[in-house]
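If you read the protein sequences in the order shown, they are chains A and B.
Take the position in the first sequence, starting the count at 1, then add 15; the result is the number in this note's numbering.
Take the position in the second sequence, starting the count at 1, then add 2; the result is the number in this note's numbering.
Note that CB positions come from ideal geometry on N, CA and C, so glycine has one too.
Just so we're clear, the structure is a prediction, and the values are computed from it rather than from any experiment.
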Amino acid sequence: MKHVKGAATAQVCVDYCVFVVDDDASVREALSSLLRSVGLRVLTFASAGDFLSAQRPDAAACLVLDVRLPGVGGLELQRAMSAARDPLPIIFITGHGDIPMSVRAMKAGAVEFLTKPFSHRDLLDAVRHALDSDRLARRQRALDLEVKTRYDSLTARERQVLRQVVAGKLNKQIAATLGVAEITIKVHRRRVMEKMGAPTLAQLVRITQRVGYTEG
Amino acid sequence: MRGLLDPVPEEDRLTAALGAISAPHHVCSVCENSDERDAIAMRFLRVGVGRGEKCLYVTERERPDLRAAMQAPGLEVTTWGETYLQGGVFEPERMWAYWAQAAREARAQGFSGLRCIAEVDWVARGAPGAARWMEYESRLDEVAAQAGCTLLCQYSRALFAPWMVRDAIRTHPLVIYRGTLCGNIHYEPPEEFLGTDRRSREVERLLEQIRQHALVEEKLRRADAGNAIILESITDAFTAFDRDWRFVYVNERAVQLLGKPREALLGRVVWEMFPDGMSVEDRQVFLRAMADRMPVIRDVFAPPSGKWYSNHVYPTPDGLAFYWDDVTEVKRAQEELRRSEAYLAEGQKISHTGSWAWNVASGEIFWSAEHFRICGVDPRTFTPHIESWPRVIHPDDAPANRGIWESAWRGKREYEAEFRVLRPDGTIRHVRSLGHPVLDAAGELTEYVGTIMDITEQRHSADRLAELQVALLRVARATTLGELAASIAHELNQPLAAIATDAGAGESWLAATPPNIGEATESLGRINRDATRAGEVIARIRALLARRPSQKAEMRIEDVLRDVCLLVQREAEAKRIHVQVLPVAESLAAVVGDRVQLQQVLLNLVINAFDAMSEIETERRLELRAERYGIGEVLVSIADTGAGVEPEVASRMFDAFFTTKADGMGMGLAISRSIVDAHGGRLWVSGNDGPGATLRFTLPSSQRDTPSPDLRHTQV
Numbered sequence: 016m017k018h019v020k021g022a023a024t025a026q027v028c029v030d031y032c033v034f035v036v037d038d039d040a041s042v043r044e045a046l047s048s049l050l051r052s053v054g055l056r057v058l059t060f061a062s063a064g065d066f067l068s069a070q071r072p073d074a075a076a077c078l079v080l081d082v083r084l085p086g087v088g089g090l091e092l093q094r095a096m097s098a099a100r101d102p103l104p105i106i107f108i109t110g111h112g113d114i115p116m117s118v119r120a121m122k123a124g125a126v127e128f129l130t131k132p133f134s135h136r137d138l139l140d141a142v143r144h145a146l147d148s149d150r151l152a153r154r155q156r157a158l159d160l161e162v163k164t165r166y167d168s169l170t171a172r173e174r175q176v177l178r179q180v181v182a183g184k185l186n187k188q189i190a191a192t193l194g195v196a197e198i199t200i201k202v203h204r205r206r207v208m209e210k211m212g213a214p215t216l217a218q219l220v221r222i223t224q225r226v227g228y229t230e231g
Numbered sequence: 003m004r005g006l007l008d009p010v011p012e013e014d015r016l017t018a019a020l021g022a023i024s025a026p027h028h029v030c031s032v033c034e035n036s037d038e039r040d041a042i043a044m045r046f047l048r049v050g051v052g053r054g055e056k057c058l059y060v061t062e063r064e065r066p067d068l069r070a071a072m073q074a075p076g077l078e079v080t081t082w083g084e085t086y087l088q089g090g091v092f093e094p095e096r097m098w099a100y101w102a103q104a105a106r107e108a109r110a111q112g113f114s115g116l117r118c119i120a121e122v123d124w125v126a127r128g129a130p131g132a133a134r135w136m137e138y139e140s141r142l143d144e145v146a147a148q149a150g151c152t153l154l155c156q157y158s159r160a161l162f163a164p165w166m167v168r169d170a171i172r173t174h175p176l177v178i179y180r181g182t183l184c185g186n187i188h189y190e191p192p193e194e195f196l197g198t199d200r201r202s203r204e205v206e207r208l209l210e211q212i213r214q215h216a217l218v219e220e221k222l223r224r225a226d227a228g229n230a231i232i233l234e235s236i237t238d239a240f241t242a243f244d245r246d247w248r249f250v251y252v253n254e255r256a257v258q259l260l261g262k263p264r265e266a267l268l269g270r271v272v273w274e275m276f277p278d279g280m281s282v283e284d285r286q287v288f289l290r291a292m293a294d295r296m297p298v299i300r301d302v303f304a305p306p307s308g309k310w311y312s313n314h315v316y317p318t319p320d321g322l323a324f325y326w327d328d329v330t331e332v333k334r335a336q337e338e339l340r341r342s343e344a345y346l347a348e349g350q351k352i353s354h355t356g357s358w359a360w361n362v363a364s365g366e367i368f369w370s371a372e373h374f375r376i377c378g379v380d381p382r383t384f385t386p387h388i389e390s391w392p393r394v395i396h397p398d399d400a401p402a403n404r405g406i407w408e409s410a411w412r413g414k415r416e417y418e419a420e421f422r423v424l425r426p427d428g429t430i431r432h433v434r435s436l437g438h439p440v441l442d443a444a445g446e447l448t449e450y451v452g453t454i455m456d457i458t459e460q461r462h463s464a465d466r467l468a469e470l471q472v473a474l475l476r477v478a479r480a481t482t483l484g485e486l487a488a489s490i491a492h493e494l495n496q497p498l499a500a501i502a503t504d505a506g507a508g509e510s511w512l513a514a515t516p517p518n519i520g521e522a523t524e525s526l527g528r529i530n531r532d533a534t535r536a537g538e539v540i541a542r543i544r545a546l547l548a549r550r551p552s553q554k555a556e557m558r559i560e561d562v563l564r565d566v567c568l569l570v571q572r573e574a575e576a577k578r579i580h581v582q583v584l585p586v587a588e589s590l591a592a593v594v595g596d597r598v599q600l601q602q603v604l605l606n607l608v609i610n611a612f613d614a615m616s617e618i619e620t621e622r623r624l625e626l627r628a629e630r631y632g633i634g635e636v637l638v639s640i641a642d643t644g645a646g647v648e649p650e651v652a653s654r655m656f657d658a659f660f661t662t663k664a665d666g667m668g669m670g671l672a673i674s675r676s677i678v679d680a681h682g683g684r685l686w687v688s689g690n691d692g693p694g695a696t697l698r699f700t701l702p703s704s705q706r707d708t709p710s711p712d713l714r715h716t717q718v
C-alpha cells in the first residue's frame with residue numbers, strides 16, 4: 016500500500032484485490048486462478064462469515080459472491096454490507112437465479128449477476144468494471160479527505176477570507192467587509208492558497224466547490 | 003270354569019241325576035205328552051243298561067219302535083194284561099208278589115237287578131181294581147226296596163185327574179218333572195198316607211219338613227259363602243255382570259283395582275261408571291262377547307290409570323264373568339324386552355354384526371336376523387344346523403374354517419375365524435366370526451355363543467387405503483425426485499462453472515508473456531478433476547433413475563384424477579377450494595402411461611392451481627375434466643378460478659427454474675411437461691373466458707379403443 020501524504024496531486028496506488036466467496040472449493044480455485052492469470056490479487060473465502068471477519072487490504076477491490084451459501088446467504092451478506100455503508104462492488108454468481116432475485120440484487124447495488132456456468136470473459140469484464148469503479152470511488156474519497164484535511168488547517172479568519180475569495184470578491188471589497196487593511200487580506204489570501212494546495216484561483220474555487228465548503 | 007258355569011243340556015242332566023241315585027228306588031214321572039214320556043223312559047233305561055240291570059217295559063200293547071230305539075240287551079216289553087190286569091182285575095197283593103218274583107228271576111239270569119218302566123194309563127181309565135191303585139203305590143216303595151227292584155211309574159197329566167196326580171206325588175219319594183229329578187218333599191210314608199190319624203201325622207211331617215228346609219237353606223247359604231270365600235281369596239280380580247252390564251259381584255281385589263267401594267259398584271252399569279275405562283275397540287270386543295256368549299281373553303290398556311289389565315271373560319247364564327288382573331309390570335317387562343330386542347336387532351343391522359349360538363348336543367344353531375342377512379339366506383328356507391351352516395362359506399375358505407372350528411370345539415377354546423361368505427346370489431362378503439364356549443358345572447361343553455361381523459366394507463376400504471398409501475409413497479418419491487433433479491442440477495452446475503472458469507484461466511495463463519505453463523497445467527488438472535466430478539453426479543442420477551424405470555400400463559384417467567383429488571382433499575378443504583371431477587364418459591378410452599408419473603403431473607398442476615387461487619377472495623373452484631380429443635388421444639383439463647396467466651409468463655412458464663413464486667424452484671411445470679412429452683402428449687396453458695386459467699394436456703389412448711382401421715380410413 017502506498018500513501019503519499021500531503022502530496023499536491025494525491026495518487027492512489029494502482030493496487031487491486033478481488034475477494035471470492037463461494038462454498039465450492041473447485042469454483043474458488045478456478046476463479047482464483049483465472050483472476051491471478053490477469054494479474055489480480057485474489058482472496059478466497061468459503062462463507063460470508065469468513066469474509067466479514069477477515070482484514071481487508073486497502074486497495075481497489077470487488078467481491079465475487081455466490082448467491083447460495085451455507086449459513087448467511089449472498090443476498091443477506093449484500094444487505095448487511097449495505098447497512099454498514101460498505102461501498103464494495105459486488106458481482107453475484109449463482110447456480111440458478113430467477114428474475115425477482117436478480118432484480119433485488121441489482122437494485123441493492125450489485126454490479127453484475129452471472130449465472131453459472133458463465134463465460135470467463137464475462138466474469139473478467141465484470142471484475143474489471145467493478146475494480147475501475149471502485150478505484151475511482153476510492154480516489155474521490157481520498158481527494159475529499161485531503162480537501163477536508165487542508166480546510167481543517169485554516170484559521171477562522173482564513174476561512175472567512177476563503178469564502179469571500181471563492182464568492183468572487185476583490186481584496187479591497189473583502190478588506191472593507193471584514194474591516195481590515197487590504198494588505199492583511201492579501202497575506203491571508205496567500206496563506207489560504209498555500210494551505211489548500213491551490214496554485215491558481217480557478218483551482219481554489221474548484222476544490223472548494225467540489226467539497227461544498229463555500230457556505231461553511 | 004266353563005263346564006261348571008255353562009247350562010248343562012237337560013237330557014244330560016237327567017241322565018246324570020238318575021245315574022247318581024242307587025238302586026232300588028221308586029220314582030214317578032209327570033209328563034205333559036208322550037214325547038216327553040218316551041224321552042224320560044229312554045234315559046231311565048240307558049242308566050239301567052249301563053248298570054247291567056234287566057229292563058222291563060210295561061205298556062198297553064207291544065211297541066217294536068221302543069225296542070229298536072233302545073237296543074238294550076235283556077229289554078223285555080210286556081202288557082198290562084200280563085201284569086196289572088191279569089185275570090181282568092187289578093189286585094195289589096198279586097203285583098207286589100210279581101215284582102219280587104221278577105227281580106229274583108232277573109238276578110238268577112245274571113243281571114245286577116230289575117228295572118221297570120210302567121205306563122199306568124189304565125188307572126185313569128178306571129179299569130177293574132183301580133180303586134186300590136194309590137194304596138198299591140203307597141206300599142210299593144217298601145216292596146221295591148225289599149225286592150231289589152227299581153220302578154218308574156209314568157203319569158200323563160192329560161189323562162189323570164188333579165187329585166190323582168196329587169196322590170201320585172204323595173206316594174213317590176222321587177218325582178221327575180220337566181226334566182228334573184226332584185227329591186219329593188211332599189212324599190207321605192204309607193203309614194201316614196193310608197193311616198187313620200193322617201192329619202196329625204201330616205202336621206208332624208210338615209213341621210219336620212219346614213225344619214229340614216230351614217236346615218238345608220242354612221247349609222246352602224254356607225256353601226254360597228264358601229264360594230264367595232273362594233272368589234275373594236283368588237289373587238285375580240273377579241267381577242260378574244248381568245246381561246245389562248250391571249255389576250253383580252265384585253271381589254275384594256276388583257274393588258281394590260277399580261278404586262270404588264263395593265256398594266258404589268253393585269247394581270251400576272260398568273260403562274256408566276267407567277266411561278273412559280278402555281278404548282272403544284276393546285269395549286266392542288267385550289260387547290260382542292256378551293252378545294255372542296263367547297269366551298274372550300284380552301289385554302286391555304286403561305287410559306285413566308295408565309295400567310294394563312289382562313281379562314279372561316266367560317259367559318254365565320246371567321251375563322259375563324270377568325277374571326282380570328293388573329299386568330302393567332309384565333307388559334312393561336315384555337315391552338322392555340321387545341324394545342331391547344328391537345334395539346339389539348337395530349344395533350346388529352347398523353354394526354353389520356349378527357349373533358349365533360350352537361347347541362352342541364342337538365347340533366341346532368340359532369342365528370339372529372342380521373346373521374341371516376349377512377349370509378343372504380332366508381330364515382324360512384334355510385335352517386342353520388351344524389351340518390348345514392358351512393354351506394354359506396365360500397368353498398375355497400371352507401376347509402380352513404372347518405379346521406379352525408373343529409380345533410376350537412375339541413379344545414373347548416374360543417373360536418375366531420375370518421372367511422368369505424358366498425351368498426346364493428353369487429356376491430361375496432368378508433366376515434369375521436367369534437365364538438365363546440359355554441361349559442356346564444362339570445366342565446362339559448354345552449354351547450357356543452358368538453358373533454359374526456360383515457367386514458367387507460372395512461376390508462375394501464383397508465385395501466383401498468393401502469393402495470393409496472403406496473401410491474402416495476410413490477408420488478412422494480417421485481416428487482422428491484423432482485426436487486432431487488433441481489439439487490442435481492446445482493451439483494452439476496458447480497463443476498461446470500469451475501471447468502469453464504478454469505478453461506478461461508488456462509487460456510489466460512498461456513496467453514501471458516511469457517506463458518505461465520505451471521499455472522495453465524494446474525488449471526487443466528482442475529478441469530480434469532471437475533469433469534470427473536460432474537461425471538460422478540451424472541452416474542448418481544443414472545443410478546437413481548435406474549431404480550424406478552418408467553412403468554407403462556393401461557389405466558382409466560378418471561381413476562388417476564380421483565387419486566389426486568383424494569391426495570389434495572385435506573389441503574383443498576383447508577384452503578376452501580371446491581375440487582370437482584366432472585363426470586367422465588364411460589366410453590372414454592383408457593390411456594397408456596406411468597401412473598405415478600401422471601399422478602405427479604396432475605399433482606403439480608393441481609397444486610399450482612391452488613397457489614394461483616390463494617389470493618382470490620371470490621369463488622375458489624377447480625374442475626378436472628377428461629374427454630376424447632381427436633383420434634386416439636385423451637384430453638385432460640385442469641381449470642381454476644385463480645389469478646390467471648399473463649401472456650409473457652405463459653410463454654416461459656414451462657421453462658426450468660422459471661417461477662413466479664417466492665419459494666418456488668420453477669421445476670414443477672418443466673418436469674410436468676417433460677413427463678407429458680415422454681408419454682407422447684402435449685402440455686399447454688390457456689386463459690379462461692371467466693377468471694383463472696386452464697392447464698391442458700393430452701395423452702395417447704390405448705390402441706384397443708381407437709377406431710377400427712376401416713373407420714380411420716374413411717375419416718382421412
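Counting C-beta atoms within 10 angstroms of its own C-beta, Gly-683(B) has 16 or more neighbours from the protein chains shown and is therefore classed as buried. As far as DSSP is concerned, Ala-25(B) takes part in no beta bridge. The C-beta of Phe-368(B) has fewer than 16 other C-beta atoms within 10 Å across all chains shown, which makes the residue exposed. For Arg-578(B), the three-state secondary structure derived from DSSP is coil. When DSSP states are grouped into helix, strand and coil, Glu-139(B) belongs to the helix group. A straight-line Cα-Cα distance of about 54 Å links Glu-588(B) and Lys-414(B). When C-beta distances to chain A are compared with 9 Å, the residues of the region 518 to 547 of chain B below that value are Asn-518, Glu-521, Ala-522, Glu-524, Ser-525, Arg-528, Ile-529, Arg-531, Asp-532, Arg-535, in chain order.
At a cut-off of 8 Å, the C-beta of His-580(B) has no neighbouring C-beta in chain A. At a cut-off of 8 Å between C-beta atoms, Pro-585(B) does not count as an interface residue with respect to chain A.
Residue ranges of uninterrupted beta strand (DSSP E) with 3 or more members, entirely inside the region 613 to 660 of chain B and ordered along the chain, are 623 to 631, 635 to 642.
If you ignore the 5 residues before and after Thr-199(A), its C-beta comes within less than 8 Å of the C-beta of Ala-190, all in its own chain and listed in chain order.
Residue environment analysis places Ser-525(B) among the buried positions, since at least 16 neighbouring C-beta atoms fall within 10 angstroms of its C-beta. Chain-ordered listing is empty here: chain A has no CB closer than 9 Å to the CB of Ala-574(B), the nearest sitting near 28 Å. Collapsing the DSSP output to three states places Asn-610(B) in a helix.
Per DSSP, reduced to three states, the secondary structure at His-396(B) is coil, with no helix or strand assignment. Taking Ile-501(B) as the centre and dropping the five residues before and after it, the same chain places the C-beta of Ile-529, Asp-532, Ala-533 closer than 7 Å to its C-beta, in chain order. Per DSSP, Tyr-166(A) is one residue of the alpha helix (DSSP H) stretching across 135 to 167. Taking 8 Å as the CB threshold, Thr-620(B) stays off the interface with chain A.
For the set Ser-158(B), Cys-118(B), Pro-439(B), the Cα lying nearest the Cα of Arg-127(B) is the one of Ser-158(B). Taking a beta-carbon distance threshold of 8 Å, Gly-89(A) does not count as an interface residue toward chain B. Beta-bridge pairing by DSSP links Asn-313(B) to Arg-300(B), Trp-326(B). In summary, Tyr-31(A) is buried, with 16 or more beta-carbon neighbours lying within 10 Å of its beta-carbon over all protein chains present.
The count of Cβ pairs closer than 8 Å, one atom from the region 375 to 387 of chain B and one from the region 404 to 420 of chain B, stays below three, leaving the stretches out of contact.
Per the Cβ contact rule, the region 270 to 279 of chain B is not in contact with the region 338 to 352 of chain B (fewer than 3 Cβ pairs under 8 Å). Within chain A, the residues Gly-110, Lys-131, Pro-132 have their CB atoms less than 7 Å from the CB of Asn-495(B), given in chain order. Assignment of His-681(B) by DSSP, reduced to helix, strand and coil, places it in the coil class. By the Cβ test, the region 444 to 455 of chain B is in contact with the region 357 to 374 of chain B, since at least three Cβ pairs between them sit closer than 8 Å.
When secondary structure is reduced to three states using DSSP, Thr-61(B) falls in the strand class.
The alpha-carbon separation between Thr-17(B) and Ser-24(B) amounts to approximately 13 Å. In the three-state reduction of the DSSP assignment, Leu-568(B) falls in the helix class. Under the Cβ distance rule, Asp-39(A) counts among the residues neighbouring chain B, one pair being separated by less than 8 Å. A direct Cα-Cα distance of roughly 17 Å separates Val-176(A) from Val-162(A). Apart from sequence neighbours up to five positions away, the residues of its chain that approach Arg-264(B) with a beta-carbon distance below 8 Å are Val-252, Val-257, ordered along the chain. Residue pairing by DSSP places His-387(B) opposite Glu-366(B) in a beta bridge.
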